[in-house]
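Colleague:
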Amino acid sequence: MTQVIYVLNGPNLNLLGQREPGIYGATTLEDIKALCLSKAEELGLSIEFLQSNHEGQLVDWIQEAGQRAAGIVFNPAAYSHTSVALQDAIRAVQLPVMEVHLSNIHARESFRHHSFIAPVAKGVICGLGPYGYVVAIEALANYLKQAAKA
Ligand code: CA2
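Position one of the sequence shown corresponds to residue 0 (numbering that gives the first Met the number 0), numbered consecutively onward.
1) Cβ of E29 versus every heavy atom of the ligand CA2: is any distance shorter than 7 Å?
2) Of all the options E63, G16 and I31, which has the alpha carbon lying nearest to the alpha carbon of A135?
3) Determine the burial state of G70: buried for a count of at least 16 other Cβ atoms within 10 Å of its Cβ, exposed for fewer.
4) Does DSSP put N11 in a helix, a strand or coil?
5) For A84, I'd like the list of residues in its chain whose CB is within less than 7 Å of its CB, leaving aside the five on either flank, ordered along the chain.
6) Between the C-alpha atoms of Q2 and R111, what's the straight-line distance to the nearest angstrom?
7) Compute the minimum distance between the beta carbon of L15 and the heavy atoms of the ligand CA2, and state whether it is under 7 Å.
8) Answer yes or no: the CB of A33 versus the heavy atoms of the ligand CA2, is any distance below 7 Å?
9) Taking the alpha carbon of A138 as the reference point, which residue from K121, L15 and N103 has its own alpha carbon closest?
10) Using DSSP with H/G/I as helix, E/B as strand and the rest coil, what is L57?
11) Out of I116, M97, A146 and A147, point me to the one whose CA is closest to I124's CA.
12) H113: beta carbon under 7 Å from a heavy atom of the ligand CA2?
13) Does the ligand CA2 have a heavy atom nearer than 7 Å to the CB of I61?
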């Protein structure tokens, strides 16, 4: 059966391409969804691509992924730096998670340097722009293949 990957996006990422192009570029979230779908098709995976501005909704989707998905690509946006609830949800489902950030959070304000998600993620990709999502899907596919062999 085709494996499902949840691609979850946190607050304000719905504004991509419309505001602050100097930091986040001109690509919209719909463009990123198209990139993810194309990479998933190439790898024989199925994608559930979702965005919410609400922490509880993201927790619900992580729990849902626990029932339905093989892994999660997650850009928690500002909740990366604040959310114990999202870390707890990831710990609870025990799915492999690749954390993605469009910008290089380590080259920005110090409050962005810490992530509550990183300690429970398999990998963290930042600073590669929309391509980071493609890399994250590839890395997750590779992880799942290796895990199936073990
Ligand atoms: O670089 C990333 O992907 C971030 O997760 C983006 C978050 C930020 O809080 C993280 O530190 C790094 C912000 C997403 C907000 O996106 C906007 C897009 C357009 C206009 C305004 C905000």
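No residue lacks a Cβ here, since even glycine has one placed at the ideal position from N, Cα and C.
Modeller: With the given structure in hand:
1) Here residue 29 corresponds to residue number 30 of the sequence shown, with the count starting at 1. No, the Cβ of E29 stays beyond 7 Å of every heavy atom of the ligand CA2.
2) For the purposes of this step, residue 135 is taken as residue 136 along the sequence shown, with counting starting at 1. Cα-wise, what sits closest to A135 is I31.
3) Taking the first residue of the sequence shown as position 1, residue 70 is located at position 71. Here G70 is buried. Its C-beta has 16 or more other C-beta atoms within 10 Å.
4) One-based indexing of the sequence shown puts residue 11 at position 12. Coil at N11, not helix or strand.
5) Position 85 of the sequence shown, counted from the first residue, corresponds to residue 84. Only E54 and V58 meet the Cβ criterion.
6) Here residue 2 refers to the residue found at position 3 of the sequence shown. Here residue 111 refers to the residue found at position 112 of the sequence shown. Rounded to the nearest whole angstrom, the CA to CA distance from Q2 to R111 is 32 Å.
7) Counted from its first residue, the sequence shown places residue 15 at position 16. Yes, the beta carbon of L15 sits closer than 7 Å to at least one heavy atom of the ligand CA2.
8) In the sequence shown, residue 33 corresponds to position 34, counting from 1. Answer for A33: no, Cβ out of range of the ligand CA2.
9) Reading the sequence shown from its first residue, position 139 is the one you call residue 138. Taking only the C-alpha atoms, the option nearest A138 is K121.
10) Your numbering for residue 57 matches position 58 in the sequence shown. In the structure shown, L57 adopts helical secondary structure according to DSSP, grouped into three states.
11) Working through the sequence shown from its first residue, we reach residue 124 at position 125. When C-alpha distances from I124 are compared across I116, M97, A146 and A147, the shortest belongs to M97.
12) To locate residue 113, count along the sequence shown from 1; it is residue 114. Outside the cutoff, so no.
13) Start at 1 with the first residue of the sequence shown, and residue 61 comes out as number 62. Not so, every heavy atom of the ligand CA2 lies at least 7 Å from the Cβ.
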